[in-house]
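Okay, so the sequence shown: first residue is 1 according to full-length UniProt numbering, each after it adds one.
C-beta atoms are modelled at their ideal positions from N, C-alpha and C, and glycine is treated no differently.
This report concerns only the one structure given below.
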Amino acid sequence: MTIEEAQKAVDLWIKNTGVRYYNELTNMAILTEEVGEVARIIARQYGEQSFKASDKDKNLGDELADVLFVVICLANQTGVDLTEALTQNMKKKSVRDAERHKNNEKLK
């Protein structure tokens, strides 16, 4: 699925199943909540925290998809073409960071 297809699929799902988009502030709060769920898994799976019984069935891929879904909702409702935005962002990073990471002693 391309980013454009994902934006269309989310929009269709919202219109057919979700009734309507939550407002932007609500979606921002939901995004924060979903990122917190990703952080929880990462802290337990790759960090030093131990799993609680309620955490053991959590799936990182599913939680990352939840984050992506809400990001797409925010893009759709604010008129952002994520394909174009990501293309421009990668160009910006490629120019700005052309030598930065190669010269970073911490990355060697």
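Around residue 28, the same chain offers 74 as residues with beta carbons nearer than 8 Å, after the five sequence neighbours per side are excluded.
Using a Cβ distance threshold of 8 Å, residue 70 and residue 30 count as a contacting pair. Taken through DSSP and simplified to helix, strand or coil, residue 98 comes out as coil.
Its chain contains 67 as the residues whose beta carbon lies nearer than 7 Å to that of residue 35, once the 5 sequence neighbours on both sides are disregarded; these appear in chain order.
Counting along the chain, residue 62 sits inside the alpha helix (DSSP H) bounded by residues 60 to 78.
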